[in-house]
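> Structure in structure tokens, see below.
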Amino acid sequence: MSGEDPPRSFADSGRGLAHEAKEVLRNNDMGGWTKAAPNLYPHQWSWDSALIAIGLARLDPRRAARELETLFDRQWKTGKVPHIVFNEDAPADSYFPGADHWYCTADSPDAPPASPYTSCLVQPPVHAIAARHIWEVAREENGGSTNESRAFLGRIYPKLLGWHRYLLTYRDREEMGLVTIYHPWESGMDNSPRWDGALGRVEVGDMPDFERRDLQHVDDPSERPTDFEYKRYIWLVESMKRAVCDEDAIYEAQQFQVKDVLASGILVAANEALLEIAEILEAPDEDRELMRAWTHRGREGLERCWHEDLGLYLDYDVLAGELLQARTVAGFLAPLVAGGLEPARLKALVTRLQSAEFLGHPDLYRPLPPSTSPDDPGFMRRSYWRGPFWPVITWLLWWSLERAGEKELADRLRQTALAQISEHGFGEYFDPFTGESLGAEDQSWTAAVALEWLAEEPYPEQKAS
Ligand code: 9WN
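Our numbering puts the first residue of the sequence shown at 3, with every later residue one more than the last.
As structure tokens, this is what we get:
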């Protein structure tokens, strides 16, 4: 969105935030799946879809279930859930790298045999959390048939199990309980300073020229990753293509191999959700034992990422053998989302989160978590994951704090995030010092988390409208 555009105030529109959120989701609805955003992201993204399904559950649990099932229809034989399922009807020049660039997936014996094609990357595994949520909402609120939602759980359960098994085998060959990512896009926080050290070590080889398409959808290139970063992103894609997306070949050659602390934390929570699903379905005991073991292994792995001096959990560069130092929201979110923390650690994290380096920073427009601390050397106000706040991340933090019993802080975040969206719309992310909406407009997961928040309890500005 251009800096010149006046902010849209949905609270004043008289139609209410929930109505506007539904409209965004309706406009981005492609039938069985939802575009991440109208122009910038015309395909189905993996973790977007899971979070969209969480919001859609409040509107129509059946449609929410379909969102997940459409994604899992493109699951690979290895259990991998691809980070993008390409929309065959999107104009070829709308997004790069698109399906034509990922031709190796068509050649891989592990990939789904026919179109729609997919990428061969992954994204954080929020899906089991979404599946459990759909079940809960269908049962408790929308009067959905329990038989129907149980049938959905029955269909999705083996697929979720395969997905988690993939992450804990192919993506954790070291058995550290932590998920390895092969590309910053796999973290969902693409240009976060979390990756600067590891990405800086990547040596770009010969590859065909490419043309970025993302910049044509934003007014200001500083809102998107730099060319230095993009060149490395495309090189890392290129090296996976040269490996024909084969897991062993990628593991041998990929120059970027990092234990992603946030994906690992999310996987712990997702394994707990999957365990609940297994219990509802009365799945075999051995499945449940496996999930308990995975949860335990995940929490142990996370503990190794704790950095006492920074008071944060950090990612681990497997190839360099070191923790990657950066003060980002992932440092809190990873342990909080995983849960099961000792009270003293929980208290330390909550205090640190509210310190002047994060929520208490004096320059913040609103006390919402910036993606990177304004005091970190990697911080940039308008640049994507280097500073702006993202409603979807605030939602995950809210969800985690609620579960941890930190209800007051959680509710403050919820109210503040809704006030932000109410003032500036369903942007992809926001300038933390001015509140200005940046990146894509009408981002689906922003609308979805707003809907889910609004379903929790009334919101003052909504009542006023
Ligand atoms: C690359 C769709 C996705 C999100 C990611 C976000 C961004 C893509 C891009 O958009 O990534 O996957 O082209 O920048 O970083 O979290 O899933 O909304």
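Backbone N, C-alpha and C define an ideal beta-carbon position, used for all residues, glycine too.
#1: Return the Cβ separation of S121 and P93 in integer angstroms, given the expectation that the two are a contact with Cβ distance under 8 Å.
#2: What did DSSP end up calling L326 once you bin it into helix, strand or coil?
#3: Going by the CB atoms, is the gap between W387 and S194 shorter than 8 Å?
#4: Determine, using beta-carbon pairs with one atom in the segment 262–272 and one in the segment 122–130, whether at least three such pairs fall under 8 Å.
#5: Is it buried or exposed, L453, if we count other Cβ atoms within 10 angstroms and call 16 or more buried?
#6: Out of A332, V26, G34 and A52, which has the shortest C-alpha to C-alpha gap to N41?
#7: Leaving out the 5 sequence neighbours to the left and right, which residues in its chain are closer than 7 Å to V352 when beta-carbon positions are compared?
#8: Would you mind reading off the limits of the alpha helix (DSSP H) that contains D109?
#9: Hey, could you find the ends of the beta strand (DSSP E) V181 is sitting in?
#10: Starting from P50, trace the beta strand (DSSP E) in both directions and tell me its first and last residue.
#11: What three-state label does DSSP hand T418 in the structure shown?
#12: Verify the contact flag: D319, CB atom, against every heavy atom of the ligand 9WN, threshold strictly below 7 Å.
#13: Only counting the same chain, and skipping five residues up and downstream in sequence, which positions put a Cβ closer than 6 Å to that of S110?
#14: Within 7 Å: the Cβ of A336 and any heavy atom of the ligand 9WN?
#15: Tell me the DSSP secondary structure of T120 in three-state form.
#16: Give the DSSP-derived three-state secondary structure of F391 in the structure shown.
#17: At a cut-off of 7 Å, would you count Y43 as near the ligand 9WN, judging by its Cβ distance to the nearest heavy atom?
#18: Can you tell me whether N30 is buried or exposed? The criterion is at least 16 other CB atoms within 10 Å of its CB, across all chains shown.
#19: In whole angstroms, what is the alpha-carbon distance linking E249 and Q417?
#20: Ignore the nearest five residues each way along the sequence and tell me which others in H363's own chain have a CB closer than 6 Å to its CB.
#21: Using 8 Å as the threshold, is the C-beta distance between G437 and R368 below it?
#22: Figure out for me which residue from A332, H309, A336 and P337 has the closest Cα to the Cα of E324.
#23: Near L398, what residues of its chain come up, given a Cβ to Cβ distance below 7 Å and the 5 sequence neighbours on each side ignored?
#24: Does the Cβ-Cβ distance between G380 and A328 come in under 8 Å?
#25: With 16 other CB atoms within 10 Å as the buried threshold, where does P286 fall?
#26: Measuring straight from C-alpha to C-alpha, what distance separates L163 and D112?
#27: Find out if the Cβ-Cβ distance for the pair T80, Q46 is shorter than 8 Å.
#28: Who are the Cβ neighbours of A130 in its own chain at under 6 Å, not counting the five residues just before and after it?
#29: With distance defined between alpha-carbon atoms, name the residue in D174, A255 and L361 nearest to V239.
#30: Please tell me whether, using a cut-off of 7 Å, the distance from the CB of A218 to the nearest non-hydrogen atom of the ligand 9WN is below it.
#31: So, does the CB of E25 fall closer than 8 Å to a CB anywhere in chain B?
#32: Rounded to whole angstroms, what is the Cα-Cα separation between E305 and Y315?
#33: Got a sec? Which residues, its chain only, sit under 7 Å from P227 by beta carbon, not counting five neighbours each side?
#34: So, R60 versus A457, is the Cβ gap smaller than 8 Å?
#35: H85: beta carbon under 7 Å from a heavy atom of the ligand 9WN?
The short version:
#1: With a Cβ gap of about 18 Å, S121 and P93 do not count as contacting.
#2: strand
#3: yes
#4: yes
#5: buried
#6: V26
#7: E408 and L411
#8: C106 to D109
#9: V181 to I183
#10: According to the sequence provided, residue 50 is Asp. The question's Pro does not apply to it. Counting along the chain, D50 falls outside any beta strand (DSSP E), though it belongs to the alpha helix (DSSP H) covering S48 to L58.
#11: helix
#12: no
#13: V246 and C247
#14: no
#15: strand
#16: strand
#17: yes
#18: buried
#19: 44 Å
#20: P376
#21: yes
#22: H309
#23: L335 and V339
#24: yes
#25: exposed
#26: 17 Å
#27: no
#28: L162, A272, A275 and L276
#29: A255
#30: Rather than Ala, the amino acid found at residue 218 in this sequence is Gln. Flag unset: Cβ of Q218 not near the ligand 9WN.
#31: This model lacks chain B altogether; it includes just one protein chain.
#32: 8 Å
#33: D192, N193 and Y386
#34: yes
#35: yes
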